[in-house]
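Letter by letter, the sequence shown follows residues -3 to 246 in this note's numbering.
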Amino acid sequence: MRLDGKVAIITGGASGIGRATVHKFVREGAKVLVADIDLARAEQVVAEVEDAGFAGAAAAVAVDVSVFADVEAMVARAVEIFGAVHVIFNNAGIAGGAPLLEHDPAVDYEPMIRVDQHGVYYGILAAGRQMAKQGAGGVIISTSSVYGEQAAELSFTYSAAKAAVISFTRSAAYELAEHGIRAVAITPGRVATPIINQFSQELRDTFASEQLRGRLTEPEEIADVVAFLASDESRVINGTVVSVEDGYSV
Ligand code: NAI
């Protein structure tokens, strides 16, 4: 029960990595606010948690992380339901892209920057303020990507947003250390979630072959690391990137 007594917000908690992390956190003793733009699926995850025997350990909230007022309301809701915020996992994100010279900025740049970059900034700001006010520290974990550290096909905007997540993490750790708040970014490679499942089997096989174990990472394997990062056991990990890429870049 490494997260006993902790309250966590997980954005993008309705699916994939976020959903697996909700389940892991609850098993580790946390109370979790499942925050997602898709409220129906977030509520489904809460129902799964209850079916697993953890009634009252999770609640759902609708949030569009690209809207600051929504993110502030999400943090306020966590405090209203569970009394505090100790951990935020800024994980909601969208993927996809087009060749650079074919970009329509209104389609291929602005929406993704709003969700994948602004959304993480808003989460750090709103949850950081709440944690500082509580005066008992906290942990901010944000999902970047291997593409945050390298160029890749069709990833011009995604790479920029995910690189910003790494920069935000460093700066947040630097600025919030005086409040006992840590910040960590994770960089997944190829994880078997709906973001990946939208591609053809052939492409998924190629993705799997790019990782050293020759298979896609399961979202539960990422959740195991996120639970460690949210716990005091990882207290010396701060302001850095934790690679969860299954050997993708070796
Ligand atoms: P997913 O598609 O299963 O989950 C993403 C969740 O974010 C969905 O539930 C979706 O409704 C939610 N979401 C999207 N826009 C939102 C918004 N504006 N406000 C609130 N919620 C919103 O995908 P997955 O794979 O679990 O992705 C989670 C994170 O991991 C994303 O940031 C993604 O970029 C990142 N990632 C995923 C990789 C993969 O291979 N699956 C690899 C590297 C990074």
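Don't be surprised by glycine CBs; every beta carbon is placed ideally from N, CA and C.
In whole angstroms, what separates the C-alpha of G210 from that of V61?
33 Å
Pull up the CB-CB distance for I120 and A168, whole angstroms please, since I reckon it's below 8 Å.
5 Å
Just to check my reading of the structure: S11 and T189 have Cβ atoms closer than 8 Å, yes? What is that Cβ distance to the nearest angstrom?
7 Å
Considering only residues of the region 3 to 82, which uninterrupted beta strand (DSSP E) runs meet the minimum length of 3 residues and lie entirely inside it, listed in chain order?
3 to 7, 27 to 32, 54 to 58
Considering only residues of the same chain and omitting the five flanking positions on each side of G219, which have a CB-CB separation below 6 Å?
Residue identity differs from the one stated: residue 219 is Ala in this sequence, not Gly. Correct list, in chain order: A16, T17, K20.
As a quick exercise: from E216, L212, L225, pick the residue whose alpha carbon is nearest that of D201.
L212
Less than 7 Å between the CB of D34 and some heavy atom of ligand 1, yes or no?
Correct: D34 has its Cβ closer than 7 Å to ligand 1.
Go through its chain and collect everything with a Cβ distance to L208's Cβ below 7 Å, but skip five positions before and after it.
D242, G243, V246
Taking DSSP as the reference, what is the three-state secondary structure of S205?
In the structure shown, S205 sits in a helix (DSSP, three-state: H, G or I).
Roughly how many angstroms lie between the CA atoms of G25 and L96, to the nearest whole one?
45 Å
On a CA-only basis, which of V81, G14, D47 is nearest D32? Give me that one, please.
G14
According to the Cβ coordinates, are Y118 and V75 closer than 8 Å?
no
Considering only heavy atoms of ligand 1, does any lie closer than 7 Å to the CB of N87?
yes
Measuring alpha carbon to alpha carbon, tell me which residue in S205, L35, M(-3), E229 is nearest G8.
L35
Among the candidates T183, L199, M70, whose CA atom is the shortest distance from the CA of S140?
Taking each of T183, L199, M70 in turn and checking the Cα distance to S140, the smallest one comes out for T183.
Run the proximity test for R200: is its beta-carbon closer than 7 Å to any non-hydrogen atom belonging to ligand 1?
no
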